[in-house]
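Some notes on the structure that comes next.
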Amino acid sequence: TIGMVAIDKAGCVATGTSTNGATHKIPGRIGDSPIIGAGAYADSTVGGAAATGDGDTMMRFLPSYQAVEYMRMGADPTDACKKAILRIQKYVKNFFGAVICANTTGSYGAACSKTAGFTKFHFTVFKTGLKDPLEEVVDCL
Amino acid sequence: DPTRPLVINTWPFQRAAEAAWAVLEEGGSALDAVEQGCTQCEIDQCDGSVGYGGSPDEHGETTLDAMIMNGNTMEVGAVANLRRIKNAIGVARAVMEHTKHTFLVGESASLFAESMGFPSEDLTTNKSLTIYSKWLEQRCQPNFWKNVIPDASKSCGPYKPVRGLQNKKEIFLEKEINVHNHD
């Protein structure tokens, strides 16, 4: 699954997701990716967020919407992502998932939930001053 | 503003970021950037978890889900369980641009996509067929059923519900969702 947040020169924020979902899913099943506020959310007055992971769990907590709301309340993107992850962990300790966040001032961050075989989350950034995209990594909570 | 533009995406899908950045650098909109970035991943079949030929369902079919959101207008276009159409994010954009709705699903979403000019193609590949065949050989393991008979941890379906379940607190079951198999 890809989840993306883009902010253009005018400061407009857009988000998007695309996925083929879980392997061997029951036909008809969809995950969090196309659900607004779960897979991604955008508000140009604040920023944007996108999520990835176990969609059956994550879609119940709307982590992208939650992260944007945390940023609206003043959290920086990294903290907003962490809070969105911790909120899910209160109910599902070892869920598999990650959230990326960016705000309209150009700050960005990510957070993930640690599970077996998933202790770090890699994400990609392209920003002014770079010639190539930058791969960044965060340790999972 | 020196902090803009900006692209950030999940996982190390660098070509997607490059495609989105190329749009922004030329003065394009964030919406176009997201569409192009995700489209690139669909073409590249990023990680096997995006685009055609990945994550076959219990019938061996690949279906796609996508969503796009405009943070200026709060417009959204989304599609899910999209069949036979490779450019899922493009169809999501079309839902946003050409309907007053937000979310189309299943066969009807595919018919909408065809009416909007998206080509209808088989999303199956040799790789997805192999994944599906191996799963059948392994007695349909893993799967996402619970409280059914026959025991889904040992047998393929068809399944029927187990009767007489008592109300219990929901237990989040271990699932075969991981870095190679995710939303």
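Protein chains in written order, with my numbering: chain A, 1 to 141; chain B, 142 to 324. Note that beta-carbon positions come from the ideal geometry of N, C-alpha and C, so glycine has one too.
- Only exposed fits THR271(B), as fewer than 16 other CB atoms lie within 10 angstroms of its CB.
- DSSP places LYS83(A) inside the alpha helix (DSSP H), whose first and last residues are 77 to 89.
- In this structure the segment 153 to 161 of chain B does not lie against the segment 228 to 239 of chain B, because fewer than three pairs of beta carbons, one per stretch, are closer than 8 Å.
- Scanning chain B for C-beta atoms nearer than 7 Å to the C-beta of LYS127(A) yields LEU147, reported in chain order.
- Neighbours of CYS179(B) in chain A, taken as residues whose beta carbon is under 8 Å from its own, are ILE2, MET4, GLY16, THR17, SER18 in chain order.
- Going by DSSP, CYS297(B) is part of no beta strand (DSSP E) at all; its letter is neither H nor E.
- For a Cβ distance threshold of 8 Å, residue set PRO34 of chain A lies close to VAL220(B), ordered along the chain.
- Distances from the alpha-carbon of ALA49(A) to those of GLY31(A), ILE7(A), ALA102(A) put ALA102(A) closest.
- Under DSSP, ILE149(B) forms a beta bridge with VAL5(A), VAL125(A).
- Residues of the segment 202 to 227 of chain B with a Cβ closer than 8 Å to any Cβ of chain A, in chain order: GLU202, THR203, THR204, LEU205, ASP206, ALA207, MET208, ILE209, MET210, ASN211, GLY212, ASN213, MET215, VAL217, ALA219, VAL220, ALA221, ASN222.
- At least 9 Å separates the CB of ARG87(A) from every CB of chain B.
- Take PRO302(B), set aside five residues on each side of it, and the residues of its chain with a beta-carbon closer than 7 Å to its own are ASN288, VAL289, in chain order.
- For HIS200(B), a Cβ of chain A is located within less than 9 Å of the residue's own Cβ.
- Between the segment 215 to 224 of chain B and the segment 175 to 190 of chain B there are fewer than three C-beta pairs closer than 8 Å, too few to call the two in contact.
- The C-beta of PHE253(B) comes no closer than 9 Å to any C-beta of chain A.
- In the three-state scheme derived from DSSP, where H, G and I count as helix and E and B as strand, GLY74(A) is classed as coil.
- Chain A places a beta carbon closer than 9 Å to that of ASP142(B), counting this residue as a contact.
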